[in-house]
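See structure below.
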Ligand code: NAD
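Residue numbers (my numbering): 81 to 344.
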């Protein structure tokens, strides 16, 4: 199978969730060898079964339990790809938005730390060991894509302080790494999704129509985004088609962050 990612060895973290799974499906369709990583093993098994069902011709698909907030887990996961020929692409996508995340007064410190350990430290560990692996395997190019969020660009009027701050950190660290490693051929980009139809947000919104409407009204298209719409952007950033795309805040939000008044 010849695709846009043929012969690339790719890791996706948070691969059992909304964006991660859709990306795994598209990566496999585009010919990549894919390691699906997540903290939840049962969810990973379901995810890989789905990829196999949808992409029976997939080149290489494996799963690995990994808690991205633990450096030893991330290091071992990335080093395991040395036997595949070395990592070419990593999508540092695992992230949480905790139900007890709140404003400056009410966010428990433990929730702040948990959020930052996964959303920021997890991305740092992924970047660190990706660089080491790319160098170890003498790669002259590599693509690292880190999931941030539009809330890092425009802020949120509903309090989720730890999450918003964590995604701002992802944007900032990604830009710096993009500059530091540009001459080595390693590209770093942030993906900035708008609120989506994935469990992360939708479970939290539940049946609360007012809470949902408060968010939907900001979309020029009048709808939340779909995970697959993010995945298409990730395929582009991972591929050599994006060879001159580096250090970008790659916004996939249906125009939401460009709106002053809501579209009619
Ligand atoms: P999701 O909840 O569907 O998936 C997240 C996955 O990450 C889950 O499978 C979960 O098990 C995994 N995970 C959680 N903690 C982990 C850890 N410590 N180590 C490894 N895996 C872990 O969420 P999603 O919507 O697919 O979100 C993916 C990314 O996109 C996250 O970083 C999220 O913050 C970001 N994002 C989501 C939205 C949205 O509206 N869904 C908007 C902007 C940004």
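All C-beta atoms, glycine included, are put in the ideal place defined by N, C-alpha and C. Source: prediction; values computed, not measured.
Could you tell me which residues DSSP pairs with residue i in its beta bridges?
| i | result |
| --- | --- |
| residue 272 | 331 |
| residue 246 | Paired residue(s): none; residue 246 is not in a bridge. |
| residue 118 | 145 |
| residue 169 | 90, 223 |
| residue 113 | 89, 140 |
| residue 266 | 222 |
| residue 305 | 276 |
Taking residue i and residue j to be in contact with their CB atoms under 8 angstroms, please state how far apart those CB atoms are, rounded to whole angstroms.
| i | j | result |
| --- | --- | --- |
| residue 94 | residue 276 | No, residue 94 and residue 276 are not in contact; Cβ-Cβ is about 13 angstroms, not under 8 angstroms. |
| residue 246 | residue 199 | 4 angstroms |
| residue 127 | residue 116 | 6 angstroms |
| residue 213 | residue 264 | The pair is not a contact, with the Cβ atoms about 12 angstroms apart (cut-off 8 angstroms). |
| residue 339 | residue 279 | Not really, about 26 angstroms apart at Cβ, beyond 8 angstroms. |
| residue 261 | residue 211 | 6 angstroms |
| residue 26 | residue 321 | The chain is shown from 81 up to 344; residue 26 falls before or after that span and cannot be answered. |
| residue 209 | residue 155 | 5 angstroms |
| residue 174 | residue 118 | 7 angstroms |
Taking all protein chains shown into account, decide if residue i is buried (16 or more other Cβ within 10 angstroms of its Cβ) or exposed.
| i | result |
| --- | --- |
| residue 267 | buried |
| residue 243 | buried |
| residue 88 | buried |
| residue 229 | buried |
| residue 157 | buried |
| residue 189 | exposed |
| residue 304 | buried |
| residue 163 | exposed |
| residue 176 | buried |
| residue 307 | buried |
| residue 283 | exposed |
| residue 324 | exposed |
| residue 92 | buried |
| residue 237 | exposed |
| residue 302 | exposed |
| residue 335 | exposed |
| residue 290 | exposed |
Tell me which residues share the same chain as residue i and place their Cβ nearer than 7 angstroms to its Cβ, disregarding the 5 neighbours each side in the sequence.
| i | result |
| --- | --- |
| residue 135 | 105, 108, 109 |
| residue 181 | 187, 191, 195, 240, 241, 242, 243 |
| residue 337 | 230, 233, 234, 331 |
| residue 297 | 342 |
| residue 219 | 166, 168 |
| residue 132 | 138, 141 |
| residue 201 | 149 |
| residue 295 | 275 |
| residue 285 | 291, 292 |
Please work out which residues of its chain come closer than 6 angstroms, Cβ to Cβ, to residue i, disregarding the five sequence neighbours upstream and downstream, and give them in chain order.
| i | result |
| --- | --- |
| residue 257 | 207, 268 |
| residue 114 | 90, 104, 107, 108, 141 |
| residue 86 | 111 |
| residue 123 | 96 |
| residue 145 | 121 |
| residue 248 | 232 |
| residue 217 | 166 |
| residue 205 | 151, 154 |
| residue 333 | 230, 274 |
Can you check whether the C-beta of residue i is within less than 8 angstroms of a C-beta belonging to chain C?
| i | result |
| --- | --- |
| residue 278 | Absent from the structure is chain C; it holds one protein chain and no more. |
By Cβ distance, which residues of its chain are closer than 8 angstroms to residue i, with the 5 residues on each side in sequence left out?
| i | result |
| --- | --- |
| residue 82 | 111 |
| residue 125 | 143 |
Say the cut is 7 angstroms; is the CB of residue i nearer than that to a heavy atom of ligand 3?
| i | result |
| --- | --- |
| residue 123 | Inclusion of ligand 3 in the displayed structure is not the case, the ligand content consisting of ligand 1 alone. |
Touching or not, the region 193-210 and the region 140-149, by the rule of three or more beta carbon pairs under 8 angstroms?
yes
Three or more C-beta pairs under 8 angstroms: does that hold for the region 297-314 against the region 248-259?
no
For the region 169-178 and the region 217-233, state whether three or more C-beta atom pairs, one from each stretch, are separated by less than 8 angstroms.
yes
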